[in-house]
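Beneath this line is the structure, given in structure tokens, with notes to follow.
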Amino acid sequence: MKENSKSTPEIQSINSKIDDAIDKMDVEEVERQLAKLSEERPLSHVIEDSKVFAKRIIKQNRKGVNNMRRSMNKSVILVACLVLTIGATVVYGSDLFKKFMFYNQKTTVEIRTNQNISQGEAERLAKDAEDDYNSPSSQGTTEKAVERTFSSIEEVEEATGIKIILPSYIPEDFQIEKDISVYNTLNNNYNIYINYRSKEKENRLLGVTIITQDLLEDSTVVTVTDAVHKDEYKTPSGTNYSILKEDEGTIATTDINNIKYAIIFMGVNEEEMNRVINSVDLSSYIE
Numbered sequence: 325m326k327e328n329s330k331s332t333p334e335i336q337s338i339n340s341k342i343d344d345a346i347d348k349m350d351v352e353e354v355e356r357q358l359a360k361l362s363e364e365r366p367l368s369h370v371i372e373d374s375k376v377f378a379k380r381i382i383k384q385n386r387k388g389v390n391n392m393r394r395s396m397n398k399s400v401i402l403v404a405c406l407v408l409t410i411g412a413t414v415v416y417g418s419d420l421f422k423k424f425m426f427y428n429q430k431t432t433v434e435i436r437t438n439q440n441i442s443q444g445e446a447e448r449l450a451k452d453a454e455d456d457y458n459s460p461s462s463q464g465t466t467e468k469a470v471e472r473t474f475s476s477i478e479e480v481e482e483a484t485g486i487k488i489i490l491p492s493y494i495p496e497d498f499q500i501e502k503d504i505s506v507y508n509t510l511n512n513n514y515n516i517y518i519n520y521r522s523k524e525k526e527n528r529l530l531g532v533t534i535i536t537q538d539l540l541e542d543s544t545v546v547t548v549t550d551a552v553h554k555d556e557y558k559t560p561s562g563t564n565y566s567i568l569k570e571d572e573g574t575i576a577t578t579d580i581n582n583i584k585y586a587i588i589f590m591g592v593n594e595e596e597m598n599r600v601i602n603s604v605d606l607s608s609y610i611e
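Just so you know, the sequence shown maps onto residues 325 to 611 in the numbering used here.
Encoded structure:
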């Protein structure tokens, strides 16, 4: 794991234990060490929980995608630490809701807010969060994600009240996995993970992630990932997706109202990806 220049011996020890736990695919130990890391480096901003990423990456490891370990290492740092080197910038929304996307060389930074902040203020917010991470004396909070596992789409919809939309086209060699993971996260939102795997090749994977993004009054949420923006894609029905790359994976993501919808591909060719993306009908999310 890449060490921060201001890491203490305690933090270096925690980082080493996280790496060992990833090698052993020990989810519980990863969570314990992440909790310790949060105590050593508390934040003055509420940041979405990195444990969601930890479990997802380790689950991919069990399927034979060992290079995803590098993503886990980076996510532990980057979800908690905002490193902003401005590349392309996109701003959405009105005075009631704004979303700032900073596409950088190595990261994507997203700021969602229902406060009327300017782009300059958003940039300063990201820089302030980076400074807070580098200051061991800072006091802050992190939200713990609570995981539940369901065995059917119907169970998930009943428990969350969220309509689950899946692609109508899935390559023939894929089958849906039995367990569907649902996390209660920041501001009583949900992260829903539905995975498919190939019956023929271990490193051929497909996942659908549905995330609700409701904000409390006068609140701002900042998220950093090591997914890098590569392209934009527009479906024949007119839905715009951002195409991101994360190691060997490709992520197609779009936002409709309070829903972030993402499709994750590994070992899937471009023609298949386009067919999957084109087959998704998100009209139920439009009020």
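Beta carbons are placed, not taken as given, at the ideal position from N, Cα and C, and that holds for glycine. Since we're looking at a predicted model, the values are computed, not measured.
Query                                                                                              : Result
Under the three-state DSSP convention, the category E482 falls into                                : helix
I601 vs T559 beta-carbon contact at 8 Å                                                            : yes
Opening and closing residue of the alpha helix (DSSP H) in which F552 lies                         : Looking at the sequence shown, residue 552 is not Phe but Val. That residue, V552, is in no alpha helix (DSSP H); its beta strand (DSSP E) goes 552-558.
Buried or exposed (CB count within 10 angstroms, at least 16 for buried), S442                     : exposed
Element boundaries [alpha helix (DSSP H), containing I601]                                         : 594-602
G573 (DSSP reduced to helix, strand or coil)                                                       : strand
Proximity below 8 Å, CB of T547 to CB of E434                                                      : yes
Residue nearest to A551 in terms of C-alpha spacing, selected from E524, D605, F426                : F426
Three-state secondary structure (DSSP) of G444                                                     : helix
Element boundaries [beta strand (DSSP E), containing G531]                                         : 529-536
E526 in three-state terms, based on DSSP                                                           : coil
Closest by C-alpha distance to K554, when choosing among D605, S476, N428, S608                    : N428
I575 vs I588 beta-carbon contact at 8 Å                                                            : yes
For K502, the three-state DSSP class (helix, strand or coil)                                       : coil
Residue environment, S584, which counts as buried when at least 16 other CB atoms sit within 10 Å  : One point to set straight first is that residue 584 is Lys, not Ser, in the sequence displayed. Per the 10 Å Cβ criterion, buried.
Whole-number beta carbon distance between V545 and R448, since they are thought to touch under 8 Å : R448 to V545, Cβ: 16 Å. No contact.
Counted within 10 angstroms of its Cβ, other Cβ atoms place V480 as buried (16 or more) or exposed : buried
DSSP three-state assignment for E353, whether helix, strand or coil                                : helix
Pairwise C-alpha distance: I486 and K398                                                           : Confidence is the limiting factor: at K398 the pLDDT is only 31, short of 50, which leaves the residue's position unreliable and the question unanswerable from this model.
Cutoff 8 Å; reference A483; Cβ partners in own chain excluding five residues on either side        : R472, F474, V506
Simplified DSSP assignment, three categories, for L645                                             : Since the first residue shown for the chain is 325 and the last is 611, residue 645 is missing from the structure and cannot be characterised.
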